[in-house]
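Below is one structure; the comments refer to it alone.
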Amino acid sequence: MHRQVYSTVELIEILAQERRNCMAGRRLDLAATPSGINPLLDRFIESVGIQKFTAYENFRTTIHQYQHEHQVSGLVGTQIQVGEEILQFPRLHEQLVSLQSDRRRLRAAKAQVVAFWRDCLGDMALFLSVQQGKVFETLDLAGAERIIHRSEWAVIEVQGRDRNLEIILQLGWGKPEEALYRRGFPESGSEFIHAVFPGKHPI
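If you read the sequence shown in our numbering, its first letter stands for residue 1, the second for the next number, and so on.
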């Protein structure tokens with residue numbers, strides 16, 4: 001008798017439960033040890049902490065394999081609001097991986113996400129995040145449009161409120177799960193454009 005395939009929501013719940021179990025010490029990877037690369041650093045790393053982390057990472061890898069085997073999407077629906085404007089769009093859940101079909105959905109949603117971003121800008125100033133978010137360079141709209149043109153997908157995030165509002169547009173290519181921190185560069189990657197009101201600076 002075959003069990004019904006777990007849904008995206010169910011996999012997220014399973015991962016959350018397993019993470020709690022690992023952090024509580026109910027799951028340990030006893031083979032996991034400090035790196036052995038830097039003895040000075042390893043003295044300060046608690047081996048039990050490494051065992052907890054590794055146990056969860058191993059479980060999550062198994063879930064990712066399950067996703068591919070059963071074609072379970074890693075996307076979740078997201079809703080954001082800026083003033084009276086509301087946008088619903090798909091984005092990858094941070095604990096899951098994307099399928100090829102997910103990346104097609106993200107590409108299809110790009111125009112809607114970018115249009116919402118343009119509608120919300122008004123007189124906001126633009127900054128491009130560089131050096132993994134350590135530095136912000138001023139960016140004009142033409143420069144932003146060039147980045148938009150060469151990207152495959154887009155997601156948007158909103159922080160703060162009123163005059164401290166910050167709208168962050170992530171423009172990426174390749175696999176979203178490999179786009180952060182240049183882990184999959186150059187096949188996957190992303191740029192972040194921060195929009196803030198004049199006189200303000202990205203957080």
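We put the CB at the ideal spot given by N, CA and C, even for glycine.
- What span of residues does the beta strand (DSSP E) with V135 cover, start to end? From DSSP, the beta strand (DSSP E) with V135 extends over V135 to L139.
- Message: Whole angstroms are fine: how far does the CA of E13 sit from the CA of G74?
- Response: Looking at the backbone, the Cα of G74 and that of E13 are separated by about 13 Å.
- Message: Checking 8 Å against the spacing of the C-beta atoms, do Q131 and Y181 come in under that value?
- Response: The answer is no: Cβ separation not under 8 Å.
- Sub-8 Å separation of E85 and F116 beta-carbons: A Cβ-Cβ contact shorter than 8 Å links E85 with F116.
- Query: Quick one: does the C-beta of I12 sit closer than 7 Å to a heavy atom of the ligand FMN?
  - Reply: In the structure on display, the ligand FMN does not appear, and there are no ligands present to speak of.
- Item | For E178, the nearest candidate out of I167, R60, I168 and S190 (CA to CA) | Nearest of I167, R60, I168 and S190 to E178, Cα basis: S190.
- Message: Let me confirm a value: D123 is counted as buried when at least 16 other C-beta atoms fall within 10 Å, else exposed. Which label applies?
- Response: Exposure of D123 is indicated by the presence of fewer than 16 other C-beta atoms within 10 angstroms of its C-beta.
- Same chain, Cβ closer than 6 Å to A109, five either side skipped, listed in chain order: F89 and P90.
- Task: Given a cut-off of 8 Å, decide if V72 and S7 are closer than it, judged by their beta-carbon atoms.
- Result: Yes, the pair counts as a contact, with Cβ atoms nearer than the cut-off.
- Item | Close beta carbons around Q95, own chain, < 7 Å, minus the five adjacent residues each side | Excluding residues within five positions, the ones whose Cβ falls inside 7 Å are I12, L15 and R60.
- What's the gap between the Cα of R19 and the Cα of G174? Counting only the Cα atoms, G174 lies some 27 Å from R19.
- Through-space distance from H201 to Y66, alpha-carbon basis: Per the coordinates, the alpha-carbon of Y66 lies some 42 Å from the alpha-carbon of H201.
- Message: Which complete alpha helix (DSSP H) runs does the stretch 40-128 hold, if anything under 4 residues is left out?
- Response: As far as the stretch 40-128 is concerned, its whole alpha helix (DSSP H) runs of at least 4 residues are 47-70 and 100-121.
- Query: With respect to the beta strand (DSSP E) encompassing E191, which residues constitute its N-terminal and C-terminal limits?
  - Reply: Residues G189 to V196.
- Is DSSP giving L165 helix, strand or coil here? Of the three classes helix, strand and coil, the one that applies to L165 here is coil, per DSSP.
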